[in-house]
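Protein sequences appear in the order of chains Y and Z. Position 224 of the first sequence, counted from 1, bears residue number 456 in the numbering used here, the numbering being contiguous throughout. Position 126 of the second sequence, counted from 1, bears residue number 358 in the numbering used here, the numbering being contiguous throughout.
There are 2 protein chains.
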Amino acid sequence: MSPPPPATPFSESPSPPPSAEAADPPETQPTSARRRPGGRTARVREQVLDAVSALLVEGGYDALTVDAVAARAGVHRTTVYRRWKDVGGLLADVLDAAGGDGWRPADTGDLTGDLTALNQEILAGLSARPPITEALIAASFRSDEAARALRRFWDDRYERCGAVVERAVRRGELPADTDARRLLVAATAPLYHELVLLRTPPDPELPAQAARSAALAAAAGAFGGTRG
Amino acid sequence: MSPPPPATPFSESPSPPPSAEAADPPETQPTSARRRPGGRTARVREQVLDAVSALLVEGGYDALTVDAVAARAGVHRTTVYRRWKDVGGLLADVLDAAGGDGWRPADTGDLTGDLTALNQEILAGLSARPPITEALIAASFRSDEAARALRRFWDDRYERCGAVVERAVRRGELPADTDARRLLVAATAPLYHELVLLRTPPDPELPAQAARSAALAAAAGAFGGTRG
DNA sequence: TCCTTAAAGCGACGTTTGTTGTGTTAGCAT
DNA sequence: ATGCTAACACAACAAACGTCGCTTTAAGGA
């Protein structure tokens, strides 16, 4: 959850497929358009994406202009404009590359502990300086491309966090019909709300507090699939 | 809560003091600087703020450029740049003007009902088209000025919502040491998270669901001031 | 090796954004 | 009324943004 402390921030993305195809919806004739993902194209992509990550880490979102990325990557401006359209497209590509990591939620033995650990990761990610996560969220308001990518990223994270709920159900901590997504949102949303929207200074007790109250409500059946 | 359905969207702001002073921190000498809030200055401010509201309603955040505002207000570009700095400054001024309304949370008779009503207002505000609330949030990522104004606005809303918690305590629904702010954040954050950050389509059951689970946890003492 | 053609390079262009210096208008006090 | 000057208008400017047509390079199949 949260474009989290991906220990390796964003860099090395071994994913070879360029985003060109993902960018264009079902558009090109599958036969006529013989793409060419080899050598130079891949190299340029790697250079550009590295430049994006570096600039983002160094100067935040403000430093992230198409011109700066192109200059840093040693690539011509028009190349970036053609392949990624704008800054949002660049971030979308970086995000998709970062989403394929092997992240898994911690297993502490009980639900509240798992949710607390999760929230602590989110807190760390949102408190990191420079604020990369904020930069990505900010970008999602400027570019539909980035917004979709961020949504995919988070959906993937929530999917993986479903394991936390499953374990709790198996242990008998939760009703079997618990809606995992709603529970996870209830547990994590306060952190995003306070830190991202309300801009409150980080409260070290908030992760555990939010985890406890969500777990408590869940145990009482507040996230039951039937009556909600 | 939420830059909500302020029945009168933003227009007529009877607040006379121009933002010039609020914009500049303690900077000018209190004696030498004799401000001049009369006639023309006030008229220009009104024209510009009206233009901001109109453009925001018509075309959303993308339509809100300094040039467009100046043109619509029949005022020169440099005037806007000098007094409001950028789009964020404009929105901050509009927000401050809108914050002074007489909004109060509904009183339905019980805690869950009050929170549900509150959440339904938030849902309505976030689902409104064009998305004015999103525009304000987006602006808060671009401009510190707008971010501070939005924070003030929300703080004011949470302050007023404290009445909901007080009533519940008086009725015996909640422990006396309940932390109002944490409870309110827990109840409302899921809506913002789903609609603003995750961009999930509006779920008409979410307001009641989030209200129920927060109220349940609160009744169990999960938001107690002492042990949290 | 050679040919085709994606994909990148290149430079020029028009637009938008934001700044600065200077002149003009009009509050407000006398 | 009259003078002072805050606040606005105007114009010229620089920098950034984004697009376009054309040329060059090199990937990948024959």
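Glycine included, each C-beta is placed from N, C-alpha and C at the ideal position. Because the structure is a prediction, the values reported are computed rather than measured.
Between Y:P434 and chain Z, the shortest Cβ-Cβ separation is not below 9 Å.
In the structure shown, Y:G456 adopts extended strand secondary structure according to DSSP, grouped into three states. Per DSSP, reduced to three states, the secondary structure at Y:T340 is coil, with no helix or strand assignment. According to DSSP, Z:T365 shares a beta bridge with no other residue.
The Cβ of Z:S445 sits closer than 9 Å to at least one Cβ of chain Y. For Z:P407 and Y:V397, the gap between their C-alpha atoms comes out near 29 Å. Inter-segment contact for the region 309-325 of chain Y and the region 281-300 of chain Y is present: three or more beta-carbon pairs are separated by less than 8 Å.
Under the three-state reduction of DSSP output, Y:T420 falls in the helix class. In the three-state scheme derived from DSSP, where H, G and I count as helix and E and B as strand, Z:T311 is classed as helix. Among the CB atoms of chain Y, one or more fall inside 9 Å of the CB of Z:P422. If you ignore the 5 residues before and after Y:F455, its C-beta comes within less than 6 Å of the C-beta of T410, D411, R414, L415, all in its own chain and listed in chain order. For Z:V428, the nearest beta carbon of chain Y is closer than 9 Å to its own beta carbon. Nearest neighbour of Y:V289 by Cα position, chosen from Y:A452, Y:D388, Y:G332, Y:E366, turns out to be Y:E366. Scanning its chain for C-beta atoms nearer than 6 Å, with the 5 sequence neighbours on each side dropped, one finds around Y:G292 the residues P362, A367, in chain order. Nearest to Z:G394 by C-alpha distance, out of Z:R374, Z:P422, Z:D346, Z:Q441, is Z:D346. Remark: C-beta atoms of Y:L427 and Z:W386 do not approach each other more closely than 9 Å. Beta-bridge pairing by DSSP links Z:T410 to Z:G456. For the 9 Å CB-CB criterion, Z:V312 and Z:V298 form a contact.
Of the candidates Y:A338, Y:S372, Y:A371, Y:A338 places its Cα closest to the Cα of Y:R392. Contact between the region 369-378 of chain Y and the region 307-321 of chain Y is established, with three or more Cβ pairs separated by less than 8 Å.
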